[in-house]
Structure formats: C-alpha cells, structure tokens
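These notes concern the structure reproduced below.
In the numbering used here, the protein residues as written are 219 to 452.
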C-alpha cells in the first residue's frame, strides 16, 4: 500500500521532521513523505518535530493506517449461448462493493454478476471490488456462441375448421435437432412433422431447435386459430 503523510504542526518555523512509519523501515526527514508498506497489517505512525527555537515535540498515533490485501477474482463459463443467462461468481477477498462491466455495455453492481448476451462474439468481463479503502480489478474474456437460425412454415397456411392435420416444415442448419410443441399438449420431433387438431381454439406452436455441437438453441413461436364452420341456409 502507498501512503502520503502531511505535517500539520503549528508553531515557529522552520520545522524539521522525523517520521517513523511503524513497519521497521528507516525514518524519513521529508516534510510530506510518501511510504510504501510491503505487508498487510495495522501500523502506528510517529512524528518528531523540532521548531525554529530548537524545541522538540512528538506525536504517536496508534493503529493509524491499515494495509489490506484486496484481491479481485471471479469464476465463469468460458463459453455460453446467445440469449442465455450467465452467472459470474465473485471469489474475491472480503469486500463491500462490486462493479461489473460485461463488454457489451451492460453493467451490474451486485454479487453474483448476472447477464445475458444478445449477440454472439467475444467479450471482456471486468470486475472491480472495494473494501472501502482499497480497490482491485480483474478481467477475463468470454465467448458467446450463436444459436441456430431457425424458422418454420405450415400447410395449410390458413387451416380449415377441425378436425384437420397441419404439416410443419423447419428451416434450420444441417444437423440441427428440432422439437415441436403443438399447443394442445402434443409434441413431435424432426425437421418435418404433422399434427391432427381435433377441436377449435387458439394454439401456440413452438419449434425448439438445438445445435448438438454447442447445445445452443432457438425457439420460434406461431399462433394458429381454428374456428368452427357452421353452414346456415336462409
């Protein structure tokens, strides 16, 4: 720790000073010395001053300065998927405040650090901690992987009244795993699929695509409305 000391004595000058920093180092005769403490601990500081008449006085301040060892660190996943929640665990030495910056403009001021990246890429995550007196900072990079770019079509596009079978076709990168949620409790798998709807209603169809190499996913949602058709003759 680096400390600067200032003599605030009053009387008739000129003054001469002797500073003792409490850590066994050599005294200083500077009027406003600076001193580097090489070890953590609590130190008493002594000032012996002589005025222009040769009179001497001294002051000892017990436990005047405390040198702490503040060390910032955190753990995190090296790679994450885009749009997934990421937890950065603060493993720093005791501290009272944390400040996170995630490299994409996002910030956070609590522990653990929480963030979600909306674009793939490589980002620098920085943590600054403070114990109230001393600060320390640490930075690491994280790689955000893209999810599969996905979409789907259906046939017929405007379904007739139920019962009706609707076919769904996914457009995804080769090798992508596709799961379907048909909105009525039924499920399916595969790039192409079909499902029989037996009653009217509004159905939320979800297509979940997963890249098996990274585990990253994308979800596409579409709503279908199936009406009853009741013919009437006047």
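Ideal placement from N, C-alpha and C gives every residue a C-beta, glycine not left out. Predicted model only: the values in this text are computed from it and were never measured.
Would residue i be called buried (16 or more neighbouring beta carbons within 10 Å of its own) or exposed?
i	result
residue 287	exposed
residue 289	exposed
residue 400	buried
residue 366	buried
residue 292	buried
residue 429	buried
residue 248	exposed
residue 347	buried
residue 418	exposed
residue 273	exposed
Taking the alpha-carbon positions, what's the residue i to residue j distance?
i	j	result
residue 299	residue 243	54 Å
residue 345	residue 240	33 Å
residue 222	residue 250	7 Å
residue 352	residue 439	50 Å
residue 235	residue 278	13 Å
residue 238	residue 327	40 Å
residue 275	residue 258	29 Å
residue 461	residue 424	Because the chain is modelled from 219 through 452, residue 461 falls outside the range shown and cannot be assessed.
residue 443	residue 315	52 Å
residue 232	residue 349	39 Å
Tell me residue i's beta-bridge partners as DSSP assigns them.
i	result
residue 215	What is shown of the chain runs 219 to 452, which leaves residue 215 out entirely.
residue 334	303
residue 376	Answer is none; residue 376 lacks a bridge partner.
If you measure between the beta carbons of residue i and residue j, is that distance less than 9 Å?
i	j	result
residue 310	residue 282	no
residue 387	residue 395	no
residue 260	residue 284	yes
residue 390	residue 334	no
residue 380	residue 416	yes
Which whole-angstrom value is the C-beta distance of residue i and residue j, which I expect to be below 8 Å?
i	j	result
residue 363	residue 297	6 Å
residue 331	residue 308	7 Å
residue 413	residue 404	6 Å
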